[in-house]
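>
Residue numbers (our numbering): 2 to 312.
1) Decide if residue 59 is buried, meaning its Cβ has at least 16 other Cβ atoms within 10 Å, or exposed.
2) For a test of the three-state rule: what should DSSP assign to residue 126, helix, strand or coil?
3) Output the distance between the C-alpha atoms of residue 69 and residue 48, rounded to the nearest integer angstrom.
4) Using the rule of at least 16 other Cβ atoms within 10 Å of the residue's Cβ for burial, across every protein chain shown, is residue 5 buried or exposed?
5) For the beta strand (DSSP E) holding residue 148, just list the boundary residues, first then last.
6) Which whole-angstrom value describes the C-beta separation of residue 187 and residue 180, a residue pair presumed to lie in contact below a C-beta threshold of 8 angstroms?
7) Does the pairing of the region 86 to 94 with the region 282 to 301 give three or more beta-carbon distances under 8 angstroms?
8) Looking at residue 134: is its Cβ nearer than 7 angstroms to the Cβ of residue 98?
9) On the three-state DSSP scale, how would you describe residue 20?
10) In chain order, what residues of the same chain lie with their CB nearer than 7 angstroms to the CB of residue 160, ignoring the 5 residues before and after it?
11) Is it buried or exposed, residue 218, if we count other Cβ atoms within 10 angstroms and call 16 or more buried?
12) Going straight from the alpha carbon of residue 294 to that of residue 206, what length do you get?
13) So, for residue 246: in the same chain, excluding its five sequence neighbours on each side, which residues have a beta-carbon less than 8 angstroms away from its beta-carbon?
14) Can you give me the Cβ contacts of residue 66 inside the same chain, cut-off strictly under 7 angstroms, excluding the 5 residues immediately before and after it?
15) Give the straight-line distance between the Cα atoms of residue 107 and residue 89, rounded to the nearest whole angstrom.
16) Tell me whether residue 251 is buried or exposed, calling it buried when 16 or more other Cβ atoms sit within 10 Å of its Cβ.
17) Which of the three DSSP states is assigned to residue 140 in this structure?
18) Alpha carbon to alpha carbon, how far is residue 102 from residue 314? Give it in angstroms, no decimals.
19) Quick one: residues in its chain with C-beta nearer than 6 angstroms to the C-beta of residue 209, no 5 flanking neighbours on either side, listed in chain order?
20) With residue 174 and residue 272 assumed to form a contact (beta carbons below 8 angstroms), what rounded beta-carbon distance in angstroms separates them?
21) Work out the CA separation of residue 34 and residue 14 for me, nearest whole Å.
22) Write down the C-beta distance between residue 9 and residue 27 rounded to the nearest angstrom, noting that I regard them as a contact closer than 8 angstroms.
23) Just the Cα atoms here: how many angstroms apart are residue 1 and residue 73?
24) What residues are listed by DSSP as bridge partners for residue 279?
25) Name the DSSP beta bridge partners of residue 58, please?
26) Enumerate, from N- to C-terminal direction, the unbroken alpha helix (DSSP H) stretches of 4 or more residues contained entirely within the region 235 to 259.
27) Roughly how many angstroms lie between the CA atoms of residue 100 and residue 263, to the nearest whole one?
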């Protein structure tokens, strides 16, 4: 029934006292103001302005509408200012969820760059492995998910429907073999996974454990998984103590190490792909878009450095 233009006219009439002065303050013609008032009166079903010669007086309904117009237009102005600030990257909140090994490497670089280039943007960060992060994205709990998938699979792995999502590959992450430095195969430059069929294994997250089972199956054995932990510092400790061998992504081995652990390429080679996942609409939100670009640059930097895990 009401619109912002009509409310601005009623406010101007209340402030200026005549149609002519109101029209001048708004940059309208006097007939245009008269027409808008008549349209408002038709919509509201009551008289809003009493014409008295060249001057006008607001009726009771007109005064009520003008009073509310002040409040409503002030709120609209504040809303427009807030939206303008978000569109212009003068403010913005981004909810980011990433898997643990990326939160120790890729994510900090991106957030540091973002704070430097766009200090008004606030990133709220939480940790979760896929598929939990993908489910959170689907539910609208986060705007961006940093996920991963192993070669030959997709980030959803059937656990989450990726239809309608934007999946951006940003980093190829080799999977390395981690074994005790005293292990008989530790001196090899590369280790065939089939040669570890008789070893005990330490597995990580559910997705990583599934990858280990798949590699072992292809190599003709079922791994004896003795320990399971998603904490790679704990994985290295268990391996160093001689309690088993493990697979670990190079991404995390760039930031953690252990003097009693040897890290070797595994044969056949294994890789995972790090991905940023969001929705097409969210990708058009300025704060989300610049966060994606910061994550991409961080991933490019990590890949360009080609840092090797400690031997």
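Idealized CB from N, CA, C, for every residue including glycine.
To lay it out plainly:
1) buried
2) strand
3) Approximately 16 angstroms between the Cα atoms of the pair.
4) Burial call: exposed.
5) Bounds of the beta strand (DSSP E) holding residue 148 are 145 to 151.
6) The Cβ separation is near 6 angstroms, so the contact holds.
7) yes
8) yes
9) Helix.
10) In this prediction, residue 160 has a pLDDT of 49, which is less than 50 and means its spatial position is unreliable; what the coordinates show is noted afterwards. Closer than 7 angstroms at the Cβ level, and outside the excluded window around residue 160, lie 132.
11) Classification for residue 218: exposed.
12) 28 angstroms
13) 178, 179, 180, 181, 184, 197, 200, 201, 202, 203, 240
14) For residue 66, the CB contacts under 7 angstroms within the same chain, skipping 5 residues up- and downstream, are 11, 49 in chain order.
15) Answer to the nearest angstrom: the Cα atoms are 26 angstroms apart.
16) buried
17) helix
18) There is no way to answer for residue 314, as the model of the chain reaches only from 2 to 312.
19) Excluding sequence neighbours, residue 209 sits near nothing in its chain.
20) 6 angstroms
21) 9 angstroms
22) 6 angstroms
23) Absent from the model: residue 1. The displayed extent of the chain is 2 to 312, so no value can be given.
24) 167
25) 51
26) List check, alpha helix (DSSP H) in window: 251 to 254.
27) Looking at the two C-alpha atoms, the distance is approximately 24 angstroms.
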